[in-house]
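Quick note, the sequences are listed as chains A and B, same order. Using the numbering used here, the letters of the first sequence correspond one by one to residues 12 to 483. Using the numbering used here, the letters of the second sequence correspond one by one to residues 9 to 1049.
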Amino acid sequence: MSFDYSKEIPIIEGGPKLADIDDVIARPLDTRPDRKFYIALSITLTMLAIGAVSLGLTFYYGIGMWGNNQPNGWAFDITNFVFWIGIGHAGTLISAILFLLRQKWRNGISRFAEGMTIFAVMTAGIFPLIHVGRPWLAAYLFPYPNEHGIWINFISPLIWDVFAVSTYFTVSLIFWYVGLIPDLATLRDRTAGKIKKILYSIFSLGWRHSNRHWHHYEMVYLVLAGFATPLVLSVHTIVSFDFAVSVLPGWHTTIFPPYFVAGAVFSGFAMVQNVLIFVRKIFNFEHIITINTLERMNKVIILTGSMVGYAYAMEFFTAWYSGNPAEQFVFINRAFGPYAWAYWTMVSCNVIFPQLFWFRKIRRTIPYMLIIGILVNVGMWFERFVIIVTSLSRDYLPSSWRMFYPTLTDLGILTGSFGLFFTLLLLFIKTLPVVSISEVKSVLEGAQPSHLHNGSEEVISHSSNDSGVNHA
Amino acid sequence: MEQERLTGMNNSNNSDNNSSEDIKGSRFWRSLKELGSDSEINETKANEFMQGVTDDFDIKQLAGVSRRKFLALLSASVAFAAASCSNYKDKGEIVPYNKKPEEITPGIANYYASTCTGCSNACGILIKTREGRPIKVDGNPQHPVNMGKICAIGQASVLNLYDPNRLRKPIKISGGSPSEIPWTNVDDLMIQALTEAQNSNKQIAIITGKIVSPTESKLLNEFKAKYPNTLFYSYEFFNDDIRLNAWKKVYGSGLPPLINWDMANVILSLEGDFLGSEGHSIENIRLFSSKRDGYNKKEFNRFYSVEGAMSLTGMNADYRMRLRPDAQLEFVLNLLNEVNNRLNKPLTINGNYSLHSFAMQHGLSDKTIDLLVNDLLSNRGSAIVYAGSKLPEEVHVAVNALNEILGNAKLYNRDEQQIVFSSSSDKQQWEDLINNMKNGNVSIVIHYDTNPIYHLPKDYGYESALRKVPLSVSLTEQENETSSLCTYTLPINHALESWGDYNIRTGIYSLQQPVIYPLYTTRQKEAALMVWLAGNKAAFKDNMYHEYLMSNWEKGLFQSMNMPVDFKTFWFTSLENGVVQNTKAGREGIQQGSFSRSSVSALSSKPQSNGFILYIKHNYNLGDGKYANNGWLQELPHPVSKVVWDNYAAISPETAKELNVETNDKIEITIGNRRQEFPVFIQPGTADKVIVVEAGYGRSKAGDVGSDIGVNTNVLLTKDIQLAPFIFNNIAVQKAHGSYNLVTTQEMHSLDETRVKDMHLKRGIIRQGTVQEFKENPGFLEKEKREQPSVNKDVQYKNVKWGMGIDLNKCIGCNACVVSCDVENNIPVVGKDQVDRGRIMHWFRVDRYYSGTPEDPIVYNQPMLCQHCDTAPCENVCPVAATSHSPDGLNQMAYNRCVGTRYCSNNCPYKVRRFNFFNFRDHFADGYYQQEPIELVYNPEVTVRSRGVMEKCTFCVQRIMLAREKAIEENRPLKGSDVETACQQACPSRAIVFGDVNDPESVVSKHRVHELGYHVLAEINTRPNITYLAKLRNTLPEDKA
């Protein structure tokens, strides 16, 4: 194989026209949902309903419906929380950090990844509220002046969580919405339906694709990207404090913040990669979300997967090097104790299988990457399970050791969380452009003035208002 | 505009006027002008408001809702809101005392002295009542035997008073269907039947338990005098008859003596459970543990236990050897022979014995045996050999001989003796009774608070005989197996509703007084008999037994004590104290028979069997099954195995291999034609080929809580005793189909798993050493102390700071503290399924750790409760600040604030926090413990926690607050000694001390600076306020674990 390294690989393949981009991306919004969509929706709604019933039982009878016990105060609840927060990491990383790093390949996938972030954080946000014994008093977790004269406990990492997650959600939502504005305007200009028109008009905030608008937009987007970037790092850092700040062996570890962030990016990318594989196929986005893009994502997966693997190794090293017998026991117990199956599931899914991405073929073949992506998500769910449950189930006093066994309600709520996430995702696909029209246009071949070697003199205006006009 | 608005009003006014005129037929006027129908006046009248008053608003702009309508709606909605949002915590009206009883002040507890009737030990108790309802039972400190302590069962017995399953009215069963019947009818029928039986010369059988009450005994005799055909049959399921008979054989007369355990330097216990279930365990624990005191290193006793079942007593031994119960005779004869030889043969012993070959044969350590023999010989007169009450008579005879030649009779208590008013009926008597019942010679059977169908061996055929008796009566608190076959089930008072007196020791009389009026239409069982004795139903009075008791005391004890006061003073003083000590009377009755050498020479070893042995043991929680319906006791972990809600077949790991079973498999035990299946529990420390099961479970009619819990062992009993009533050799054992789920509060870890083995020692959770080590180097533990500096500034606690000290040497793991805490702090019963899930709610637990081998484990007990750490990890992580630290050093819990994140529990290194996963009162057995009148048992000073709330030990903060109130009232500073926690109050060995750590004079401060004092997990710098004294074992240093 020989490559022409002097020429950048086009991000959007096939050199589509600007108008084609509009058509392709807006097609799912213009057409009525088909049978397949309803089948998919009915599956996710069923999952959601299972979750709702399980949650109803929990609210009616109490946390006892779950497998949690003494000493496993947390189990599936917080595992799911951390898992979904982790999933929510890819979006902002792709849209903010890769934006700041001028990684243009992100443009085809950023919108979708951001959407997933929002939905994953929404799903995650449910768990801190429902995991408490008295959810009707969950408002106590927020600082508000009250007649009791009691303030929240700012020392508690759970409070930091409340702030971190809500900040992250708010910023992600605004970032996502700001990015949507030009596309909403394009859609407004395209659509013929009255209600759609009104809605698009309202939410596009009077966008007219004017140069001035673009100027402000770019500035806001840049500022928000700068604002969101530290959040990507801070949210999971703070989530990891839930564990790192405690005194429990296996939780009390300084490696947790970077390890959690890497793990979050790892699982988030795997989830985005998984879902995009279906989206690009179903909606014919193969030329927009190209194999090249997916390969790049896989490269991020192999990087973060290796970081996670390094963290696993370092945990063992730290435990050994600390000379703390309790710490050492926890790690040996993870690998060889009653939850060894979970530990080795985690290690194989997170460390071993992603290494297959070193092979170009595997990295670029859809079925392989799909399977590895799924395994990464399974592995990352188990990582949180292993951290939480193995540490809790065998801590300091052997007299209090006890195994955790999940109940049907636990599984129901886990199913429900997937149901909620995918339901929101399906609705998103049919209501909003899952690929950023304006951003894709900006990376079309020849979209940017450049000094290309092929001598093309054609300079296409950055703005896409012409397309809007065409369809008006 | 204004006009428009008022037109309508005008009209209506007019019509009102008109209609009123129509009705009344007369016209009322306020002024002459009005009467004259002045139009100006009429207009003014119609315009209620002067022109311009209502100009400010336009009725049309008010969208059709007028001010009145709005106000009406507002008040209606407020009224609805107020009516519908009734406070869910409001459980009804609070009615103040109309006429306040003199002695009751709401909010202040009253204490009454009484006597516990849970078993025949009759401990003195102090009952705490609040607003007239008993809520806690503790030992009576003035009682000379139990000295302020009672066992777990006694503590929990208060729950039985409020048990929703208690019988409320007499029940007649005819044609299989029960119906209620008034007492007066019962009386009529009974008097008639008794008279008839007497006239037709038919037997009246009364089946009683062990009688320890002098007045009751007198009453029964009077009953027999009136109805001479009456015959009494008496049994106590677990009794000391074997020991008694052996004593009689060796010493000719008298009763086996009490033992001064506190004077014994060496104790050898053969299958004995004197700290758990035999004799007066509360007294035994106190005396025994006084020689295992971390403050008194010179006076440690050395305790050898040779047993087949892992008992509460055995786990506290310094040296524990495993031996089959049927080899005990051989062992004790060998030992006797050895000692006899070493003492130049004061006794002639027939047969050839060799202790060493015996030890070899049974895998006993030669070294330990040597040490034992030397210890016994070098501590002559200050050692004691004790045989368990279930061992065959010959063992007891040999043990008596052993103690005799060692001069250990010095340890027998010569001042006091046990007293019994009834003797157990023997096999012949029971057979006669049953034959007579079958022949129709018995016309009335009265079960005097006994349950023979459950307790008697099935081969007596009592059940079928009872069906032939025309009139059968059960006097009982709750329905049971026997009462369900009786014609009449007559409900009797709970002990806390009853009068009584007890005399279990020479010169010690304790009184029982009711602390609450009978909750239901029940009678004292004595009163029921008295009415029938009087032969007249009108004779019944509420206080008839009370009067009888008083007159008996006036004529009896009061006369004999020759007091310089009048009877009333004597009586009320006695009631107040709960106990009377008659130092004058009875002493001369104690006589020591002379030792009969022939009884020893008659002993011979029996042919050894090496088949399986079934050993039926006393259980630690349910008594003889009487307490099966008590949830607190069912949920109390077994002291050794920590199993709850079940009994099981305990076998050794080796036997499990042989039978090819694991824990939770089932085995079937067959003795002749009697068979029963048991779930298997592999209990380290059990002798090989011995199957140990505990009786008292498997009740078929015990109530909603206790029915069909565990397996009934009594079906294996037989009247034809071969070895001993509860020990069976040559049984057939085989693996049965199916499995069972035994639930423990502590996970079982394989003892040979290297990673987990001895973790409690490696982590310094249990610190230990030997007595000798401690004597030689008192600071031997110092090197292991890992108190850490803190980067934070330490909080200074001025005034009182609370702390606790627990002496692991004294703690024997009896669980009295656990139940005391349950009762004091309203701990809910969660049920077996929830314990299985790890959701037991006990704030106070006794952790048990094994080290050594699975065959011969060394056991450590450690009471574990909230450590009230100075730098509590739980407090930092609570997001809502629901758990915080008090200025007096308590780790507090604000239930109202708790949202239930469980983070505090995760971060607690001691895992002492408990979460309400459900509303457990509602969740357990369909809300059994939510039924009336169970809520009366709650301590009103302690919040009943709702679901979703975290809870834990508070150091009995309600008691601290009470003491503080008192101190403020008396204008003095609060002292540490003012407060006694519930666990401390209950501890029979006084292992728990509590007080002010800022007071250098307090016991607890001394604990903190004691050489043996340590904090659990000190290395994580939680700075606990519970100081444990390290466990010392009185073994030779090379035998250290």
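All residues carry an ideal CB built from backbone N, CA and C; glycine is no exception.
Exposure label - residue i; buried when at least 16 CB within 10 Å
i, result
"residue 663 (chain B)", "buried"
"residue 958 (chain B)", "buried"
"residue 87 (chain B)", "exposed"
"residue 212 (chain B)", "buried"
"residue 50 (chain A)", "exposed"
"residue 29 (chain B)", "With a pLDDT of only 46 at residue 29 (chain B), under the threshold of 50, the placement of this residue in the model should not be trusted; the figure read from the coordinates follows. Answer is exposed; the Cβ neighbour count stays below 16."
"residue 25 (chain A)", "exposed"
"residue 510 (chain B)", "buried"
"residue 191 (chain B)", "buried"
"residue 1032 (chain B)", "buried"
"residue 23 (chain A)", "buried"
"residue 568 (chain B)", "exposed"
"residue 79 (chain B)", "exposed"
"residue 181 (chain A)", "exposed"
Chain-ordered chain A contacts of residue i [CB-CB under 8 Å]
i, result
"residue 770 (chain B)", "336"
"residue 7 (chain B)", "Summary: the structure shown does not reach residue 7 (chain B), with chain B confined to residues 9 through 1049, and so no result is reported for it."
Cross-chain neighbours of residue i in chain A, by beta carbon under 7 Å
i, result
"residue 762 (chain B)", "Ordered by position in chain A, no residue passes the 7 Å Cβ test against residue 762 (chain B), which lies about 11 Å from the chain."
"residue 1025 (chain B)", "407"
"residue 646 (chain B)", "The premise fails here: residue 646 (chain B) is roughly 14 Å from chain A at the closest Cβ pair, so nothing lies under 7 Å."
Integer-rounded CB distance, given that residue j should sit under 8 Å from residue i
i, j, result
"residue 743 (chain B)", "residue 675 (chain B)", "6 Å"
"residue 130 (chain A)", "residue 435 (chain A)", "4 Å"
"residue 370 (chain B)", "residue 331 (chain B)", "6 Å"
"residue 66 (chain A)", "residue 141 (chain A)", "6 Å"
"residue 236 (chain A)", "residue 111 (chain A)", "5 Å"
"residue 394 (chain B)", "residue 282 (chain B)", "6 Å"
"residue 55 (chain A)", "residue 433 (chain A)", "4 Å"
"residue 337 (chain B)", "residue 613 (chain B)", "7 Å"
"residue 270 (chain B)", "residue 295 (chain B)", "4 Å"
Chain-ordered neighbours of residue i on chain B, where CB pairs are closer than 7 Å
i, result
"residue 259 (chain A)", "914, 915"
"residue 412 (chain A)", "755"
"residue 85 (chain A)", "910, 914"
"residue 484 (chain A)", "The question about residue 484 (chain A) has no answer, for chain A in this structure spans 12 to 483."
Listed by chain order, chain B residues near residue i by CB distance under 8 Å
i, result
"residue 82 (chain A)", "846, 913, 914, 919"
Contact list for residue i against chain B, beta-carbon separation under 9 Å
i, result
"residue 142 (chain A)", "908, 909, 910"
"residue 152 (chain A)", "887, 888, 907, 909"
Beta-carbon neighbours of residue i, restricted to chain A and to distances below 9 Å
i, result
"residue 957 (chain B)", "144, 145"
"residue 352 (chain B)", "Those within 9 Å of residue 352 (chain B) in chain A number zero; the least Cβ separation is about 51 Å."
Quick one: which unbroken alpha helix (DSSP H) runs of 4-plus residues sit fully inside the region 806-837 of chain B? Chain order, please. Taking 4 residues as the shortest admissible run, the region 806-837 of chain B contains the following complete alpha helix (DSSP H) segments, listed from N- to C-terminal end: 824-832.
Write down every uninterrupted run of the alpha helix (DSSP H) in the region 285-348 of chain A whose length is 4 residues or greater and which is fully enclosed by it, in chain order. With a minimum length of 4 residues, the continuous alpha helix (DSSP H) runs that stay inside the region 285-348 of chain A are 302-333, 336-347.
Count the C-beta pairs between the region 627-638 of chain B and the region 701-721 of chain B that are closer than 8 Å, then say yes if the count reaches three, no if not. Yes, the region 627-638 of chain B touches the region 701-721 of chain B.
Can we say the region 859-867 of chain B touches the region 932-949 of chain B, given the rule of at least three CB pairs closer than 8 Å? The region 859-867 of chain B makes no contact with the region 932-949 of chain B: fewer than 3 CB pairs, one atom from each, lie closer than 8 Å.
The region 171-179 of chain A in contact with the region 138-158 of chain A per 3-pair CB rule at 8 Å: Judged by Cβ distances under 8 Å, the region 171-179 of chain A makes contact with the region 138-158 of chain A, as three or more pairs qualify.
Pairing CB atoms from the region 1003-1015 of chain B with CB atoms from the region 808-816 of chain B, are three or more of them under 8 Å? Yes: the two stretches touch, three or more of their Cβ pairs being nearer than 8 Å.
Restricting to runs no shorter than 4 residues, where is the alpha helix (DSSP H) found entirely within the region 862-907 of chain B? Secondary structure within the region 862-907 of chain B: the alpha helix (DSSP H) runs of 4 or more consecutive residues, fully enclosed, are 881-885 (chain order).
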